[in-house]
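Residue numbers (our numbering), protein chains in the order written: chain E, 5 to 245; chain P, 256 to 481. Glycine included, C-beta positions come from ideal geometry on N, C-alpha and C. Here the structure is a predicted model, which means the values were calculated and not measured. Working notes for the structure below.
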Amino acid sequence: MNHPVAAVDLRKSYNGRLVLAADEFRLAAGQVTALVGPSGAGKTTLLRLAAGLETPDSGELYWFGRPSNAADLAARRRLGFVFQMPRLFSGTVYENLAYGLRLRGLGEGEIRERVERLLQQVGLSEFSAQVARSLSGGEQQRVALARTLITGPEVIFLDEPTANLDPPNVKAIEELVTGYCREQGAAVAWVTHNIFQARRCSQQLVFLAEGRVVEAGPTHRLVQEAAEARTRAFLSGEMIY
Amino acid sequence: MLQGLREALGMLWGGDAELWGIIARSLLVSLTAVALAAAVGVPLGAAVGLRRFRGRTLLRRVLRTFMGLPPVVVGLIVYLTLSRSGPLGPLDLLFTPTAMIIAQFLLALPIVAALAAGTVEGIDEQVREAALTLGATARQAEYKVLAEARRGLVTAVAAAYGRVAAEVGAVMLVGGNIRGYTRVMTTAIALETRQGQYGLAIGLGLVLIVISFLVNMIVEAGGEAR
């Protein structure tokens with residue numbers, strides 16, 4: 005299987021406290037990998053390390069089969085990241101979507117065409133000229149996702165993008181991500197607290213607890229017959245903390 | 256008092272050369288000082304806000320401390336530096352508008368730099384990371400942080416202008432309040448008050464406030480243009 009992101013023995017500490025020790029982590033092309041586990045399990049840390057937003061204390065990380073390097077702009081531009089908060093820039097929705105394309109040196113004509121097309125796909129056309137930060141939380145997060153998708157990433161990292169959103173926006177985001185993943189063959193790493201979301205959207209599942217990968221494998225298999233008691237308990241909806 | 260006010264307005268309307276000269280000089284001195292402080296202070300503040308380097312915390316603390324420097328102390332330092340026996344005495348700058356610009360520049364610089372640093376730091380990680388994940392180089396991401404911070408940067412410059420336009424201690428010391436040469440609005444107000452010309456002093460005070468208002472309006476319009 006093709007693994008655009010792979011990591012071995014990633015270790016990360018903050019102020020002398022080990023927060024992550026992931027022996028193995030891989031993302032498969034064309035599949036959504038859900039990262040689940042209780043709060044403080046190290047999900048977001050693992051995601052940020054894999055995306056190159058933070059540097060591990062030790063371990064190996066590969067992007068597209070080569071050792072990762074934050075200075076490797078070409079490789080970085082094949083990755084996308086959506087944060088828990090939308091982090092939109094000032095200016096209009098259009099300007100937010102155009103930003104990544106301008107960085108890639110596209111002409112204004114092509115940018116306009118691509119932005120309009122994508123806004124139509126994600127159902128945000130009517131908001132194009134609106135100040136992005138004046139939209140509702142759910143709409144802003146959809147803009148943030150669209151801003152990432154328009155750059156055509158082969159890997160998308162999602163850090164609980166639907167936390168605190170209303171069901172229609174959650175549904176819209178889930179459909180956009182799974183649709184993009186399927187159609188473009190992109191690898192998706194999706195941190196979520198919501199086990200039902202993980203079951204709905206992911207093909208692969210990584211269960212973390214206390215900074216370690218407890219268990220990983222196909223979602224349907226883990227849901228039915230997880231080897232670890234903690235994984236079973238978490239996936240069946242028990243309180244694990 | 257009312258009579259003095261009427262007098263001041265009459266002089267303004269009547270195009271009184273001395274009064275208009277004072278206003279023009281005030282603007283020239285303060286705007287030049289603030290423009291120079293912005294040219295140095297915004298990059299300095301941005302560096303403190305964006306970069307991680309040795310001595311950064313100390314520098315930030317020094318800038319914040321200097322935000323509250325008493326103008327008269329800055330005036331004294333510039334005075335001693337420019338006076339005949341001072342290190343820059345041979346330049347013969349004491350009691351010139353240039354000396355006043357130097358003093359106001361020193362007052363404005365820490366305000367611009369410290370406020371700029373605070374603004375940039377406040378939005379740094381959020382915007383920088385978002386820009387990086389969208390494919391920006393480190394430099395492009397920093398530029399994006401500055402672009403997003405522009406309102407705060409404008410406020411920093413406006414605050415610095417407010418401070419220097421209103422101060423009297425430094426310009427009085429290093430300018431000497433020479434009629435037609437280094438007399439500006441604040442020193443004129445001090446002089447008129449001492450001479451019992453309260454009305455004229457109040458009139459000048461009102462003009463000073465109106466000008467500050469206009470300058471702020473222009474500066475803000477510039478900050479919101481994009």
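Grab me the residues of residue i's own chain with a C-beta within less than 8 Å of its C-beta, minus the 5 sequence neighbours each way, in chain order.
i, result
"E/Leu-4", "It is not possible to answer for residue 4 of chain E, since the shown part of chain E is limited to 5 through 245."
"E/Ser-72", "Gly-56, Leu-65, Tyr-66 and Ala-79"
"P/Ser-467", "Tyr-416, Gly-417, Ala-420 and Ala-421"
"P/Val-474", "Val-409, Val-412, Ala-413 and Tyr-416"
"P/Glu-262", "Gly-454, Leu-455 and Gly-458"
"P/Leu-286", "Tyr-416 and Val-470"
"E/Leu-22", "Arg-15, Lys-16 and Gly-215"
"E/Ala-133", "Thr-96, Val-97 and Tyr-98"
"E/Glu-242", "none"
"P/Met-256", "Tyr-453, Gly-454 and Ile-457"
"E/Asp-61", "Arg-15, Lys-16 and Ser-17"
"E/Ala-190", "Ala-33, Gly-34, Pro-157, Glu-158, Val-159, Ile-160 and Tyr-184"
"E/Ala-176", "Val-126, Gly-127, Gly-142 and Arg-146"
Note down, in chain order, each residue of its chain lying with its Cβ closer than 7 Å to the Cβ of residue i, except the 5 sequence neighbours on either side.
i, result
"E/Glu-219", "Phe-211, Leu-226, Ala-230, Ala-231, Glu-232 and Thr-235"
"P/Leu-362", "Leu-324, Pro-326, Val-329, Arg-418, Val-419, Glu-422 and Ala-425"
Since residue i and residue j should fall inside the 8 Å C-beta cutoff, what is the C-beta to C-beta distance between them, to a whole number of angstroms?
i, j, result
"E/Arg-121", "E/Leu-92", "20 Å between Cβ atoms; not a contact."
"E/Thr-59", "E/Leu-24", "Wrong, their Cβ atoms sit about 12 Å apart, outside the cutoff."
"E/Gly-215", "E/Ala-45", "7 Å"
"P/Val-333", "P/Ala-358", "4 Å"
"E/Val-174", "E/Val-192", "At roughly 16 Å, the Cβ-Cβ gap does not stay under 8 Å, so E/Val-174 and E/Val-192 are not in contact."
"E/Val-36", "E/Gln-188", "12 Å between Cβ atoms; not a contact."
"E/Thr-152", "E/Phe-85", "7 Å"
"E/Tyr-103", "P/Leu-389", "6 Å"
"E/Ala-213", "E/Pro-8", "No, E/Ala-213 and E/Pro-8 are not in contact; Cβ-Cβ is about 26 Å, not under 8 Å."
"E/Glu-28", "E/Val-12", "6 Å"
"P/Ala-279", "P/Phe-360", "Contact doesn't hold; Cβ gap of about 19 Å is too wide."
"P/Ala-292", "P/Leu-343", "19 Å between Cβ atoms; not a contact."
Give me, in chain order, the residues of the same chain whose beta-carbon lies closer than 6 Å to that of residue i; leave out the 5 immediate sequence neighbours on both sides.
i, result
"E/Pro-90", "Gln-144, Gln-145 and Ala-148"
"P/Glu-376", "Gly-304"
"P/Arg-427", "The sequence as given places Met at residue 427 of chain P; Arg does not occur at that position. Around P/Met-427: Thr-442."
"P/Leu-463", "Met-440"
"E/Ala-74", "Gly-56"
"E/Leu-77", "none"
"P/Met-266", "Leu-274"
"E/Gly-20", "none"
"P/Thr-448", "Ala-456"
In the DSSP assignment, what residue or residues form a beta bridge with residue i?
i, result
"E/Phe-85", "E/Phe-161"
"E/Ala-233", "In DSSP, E/Ala-233 forms no bridge with anything."
"E/Tyr-18", "E/Arg-21"
"E/Gln-208", "E/Thr-37 and E/Pro-222"
"E/Ala-193", "E/Thr-37 and E/Phe-161"
"E/Val-135", "E/Thr-96"
"E/Phe-29", "E/Ala-11"
"E/Glu-64", "E/Val-12"
"E/Val-217", "E/Leu-212"
"E/Arg-70", "E/Trp-67"
**OP:** Determine contact between the stretch 267 to 276 of chain P and the stretch 336 to 351 of chain P, defined as no fewer than three beta-carbon pairs at a distance below 8 Å.
**Re:** no
**OP:** May I ask you to list, following chain order, the residues of the stretch 358 to 390 of chain P that have a beta carbon less than 8 Å from some beta carbon of chain E?
**Re:** Gln-381, Val-382, Glu-384, Ala-385, Ala-386, Leu-387, Thr-388, Leu-389 and Gly-390
Original post:
Between the stretch 332 to 340 of chain P and the stretch 305 to 313 of chain P, do at least 3 Cβ pairs fall closer than 8 Å?
Top reply: no
Subject >> Validate contact between the stretch 124 to 143 of chain E and the stretch 93 to 103 of chain E using beta carbons, cut 8 Å, 3 pairs >> reply: yes
Original post:
How do the stretch 355 to 372 of chain P and the stretch 397 to 410 of chain P stand: do at least 3 beta-carbon pairs fall below 8 Å, yes or no?
Top reply: yes
Original post:
Does the pairing of the stretch 160 to 173 of chain E with the stretch 191 to 207 of chain E give three or more beta-carbon distances under 8 Å?
Top reply: yes
Original post:
When the Cβ atoms of the stretch 455 to 465 of chain P are set against those of the stretch 290 to 302 of chain P, are three or more pairs found closer than 8 Å?
Top reply: no
Original post:
Can you list, in chain order, the residues of the stretch 427 to 456 of chain P whose Cβ is nearer than 7 Å to any Cβ on chain E?
Top reply: none
Subject >> Selection of the stretch 399 to 427 of chain P by Cβ proximity to chain E, strictly under 9 Å >> reply: Lys-399, Ala-402, Glu-403, Arg-405 and Arg-406
Original post:
For the stretch 397 to 404 of chain P against the stretch 379 to 386 of chain P, are there 3 or more C-beta pairs whose distance is under 8 Å?
Top reply: yes
Original post:
Which of the residues in the stretch 65 to 87 of chain E, read from start to end, lie with their CB under 8 Å from any CB of chain P?
Top reply: Leu-77, Arg-80, Arg-81, Leu-83, Gly-84, Phe-85 and Phe-87
**OP:** Output, in sequence order along the chain, the residues in the stretch 101 to 128 of chain E whose CB is closer than 8 Å to any CB in chain P.
**Re:** Tyr-103, Gly-104, Leu-107 and Arg-108
Subject >> Where the stretch 46 to 64 of chain E meets chain P: residues whose CB sits under 8 Å from a CB there >> reply: Ala-55 and Leu-57
Original post:
Touching or not, the stretch 384 to 394 of chain P and the stretch 426 to 435 of chain P, by the rule of three or more beta carbon pairs under 8 Å?
Top reply: no
Subject >> Residues, ordered as in the chain, of the stretch 154 to 168 of chain E that lie near chain P by beta-carbon distance below 7 Å >> reply: Thr-155
Original post:
If you measure beta-carbon to beta-carbon, which residues of the stretch 257 to 273 of chain P are closer than 9 Å to chain E?
Top reply: none
Original post:
Name the residues in the stretch 88 to 99 of chain E whose C-beta lies less than 7 Å from a C-beta of chain P; which are they?
Top reply: Arg-91, Phe-93 and Ser-94
**OP:** Quick one: which residues of the stretch 303 to 315 of chain P get their C-beta closer than 7 Å to a C-beta of chain E? List them in chain order.
**Re:** none
Subject >> Contact residues within the stretch 231 to 245 of chain E, judged by C-beta distance below 9 Å to chain P >> reply: none
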